[in-house]
Structure formats: structure tokens, C-alpha cells
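Trainee: Below: one structure in C-alpha cells.
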Amino acid sequence: MNMIANAPPIIVTDPPGKPPITGVLDAGSFWPHIDLAKLRDSVDVDGSVTAARLTHAAANALASVIKDLSEWADTQTAAGFAALSSVPAIAINGTSVKVLCFERAVYAYTKADLIERYAGADATGRTKPGDARRELQDSDYRADALSAVRDILGVARMESELI
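Those letters in the sequence shown? Residues 25 to 187, by the numbering used here.
Here it is, written out as C-alpha cells:
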């Protein structure tokens, strides 16, 4: 007796791809524009995050970083620097380190917000809300953002004292 099973074919799909995203966030002449496509690639935001979610998270991150740097920016403007890119700093591949730190802060706060709000937006796709791995990653991105802001301000990242 011959037995042949005819099951429906198994279809394997890839995780959602990165939908094309265009646009920049503009916070005024002093601050660098935030390119959303560059942000998506830099912090590995997957296709499950819509353009609207990414834009919202990035706008909130941008506002937070600017708030943290507002007094410092006022001082720089008073000293005659019209843009963050014109504030004296070393350059890497033609880009001011202060601009690189600003982008890093905005990108890291954006990624932290996405991880916090959308568990599927993490890099591994294996976390669930409240998962310790997700929380660790969220706090790591927030610490990275804070370090970037402190680098722009020129202050130490950590204070310690001998006991």
C-alpha cells in the first residue's frame, strides 16, 4: 500500500522589510537636520515600525536633545556660532564631532523610545513587553544618548569619589 500525503506547501516569508522612508526633521538653523532614512539605517529600525511612528519618536527625541542642550546652544550663539557645525571641534570625514554626537543622541533616544513602546521594534525580534532583555537594551540606548549630550557639553560622563 502506497501512502502519499499532499499537504499545502510551506511558505517561508522574510520579516517585514524596511519600507522606504524619506524626509528630514528641521529644528531651526542652529541644529543639524535629522535624516530619517539615515536614522533608520543607523540604529537598525526594522520594517515593523511605520514612517509615522519613526517620525513621531524621532521628533520627540530631537526635542529632548535640544532641551538638554538649549543653554549651551544659547552660549554658542552668543559667541557668534550660527550652527552646531560651526562650533570648534575636530572633524571626522568632514563632519564635526559635535554634529556626530548630536545625531547619536537623537538616534539613540529614538531607538530607546521605539523599543519601549513597540517590543517588535528591537533588533532581535524576540522580546516581549516587560522582558528584561528589552529593558536592558532600552536603558543602554538612553545611556548612549546621555553620553553623547555630555560629550557635546564637554562634561564628564560620570562622577565618582573615593570612599
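Glycine included, each C-beta is placed from N, C-alpha and C at the ideal position.
Tell me, which residues are paired with A115 by DSSP?
Mentor: S120
Trainee: Within 8 Å, do at least three Cβ pairs link the segment 63 to 75 to the segment 88 to 102?
Mentor: no
Trainee: In angstroms with no decimal places, state the Cα-to-Cα distance between A102 and S53.
Mentor: 14 Å
Trainee: Let me know the alpha helix (DSSP H) ranges lying completely inside the segment 44 to 111, each 4 residues or longer, listed in chain order.
Mentor: 60 to 66 and 75 to 102
Trainee: Please state the DSSP three-state secondary structure of V173.
Mentor: helix
Trainee: Skipping 5 residues on each side, what residues in its chain have a beta carbon closer than 6 Å to that of V121?
Mentor: A113 and I114
Trainee: Relative to the alpha-carbon of R2, which residue among A132, A75, D162 and A107 has its alpha-carbon at the smallest distance?
Mentor: No answer is possible for residue 2: it lies beyond the span of the chain, which begins at 25 and ends at 187.
Trainee: Please classify V130: does DSSP put it in a helix, a strand, or coil?
Mentor: helix
Trainee: Among residues of its own chain, excluding the 5 on either side of Y131, which ones have a beta-carbon nearer than 6 Å to its beta-carbon?
Mentor: L63, S66 and V67
Trainee: Select from T99, A97, D59 and D98 the residue whose C-alpha is nearest the C-alpha of A82.
Mentor: Of T99, A97, D59 and D98, the residue nearest in Cα terms is D59.
Trainee: Within 10 angstroms of the Cβ of A169, are there 16 or more other Cβ atoms? Answer buried if so, exposed if not.
Mentor: buried
Trainee: Using three-state DSSP, classify R181 as helix, strand or coil.
Mentor: coil
Trainee: Measure the beta-carbon distance from A136 to R181 and round it to whole angstroms, keeping in mind my assumption that it falls under 8 Å.
Mentor: That belief does not hold up - the Cβ atoms of A136 and R181 are roughly 17 Å apart, past 8 Å.
Trainee: Report the option in T134, D164, N84 and L124 whose CA atom is closest to the CA atom of S109.
Mentor: L124
Trainee: Alpha carbon to alpha carbon, how far is R77 from D50? Give it in angstroms, no decimals.
Mentor: 17 Å
Trainee: Taking C-alpha atoms, which residue in V48, V111, I139 and W55 lies nearest to D164?
Mentor: I139
Trainee: Using DSSP with H/G/I as helix, E/B as strand and the rest coil, what is Y142?
Mentor: coil
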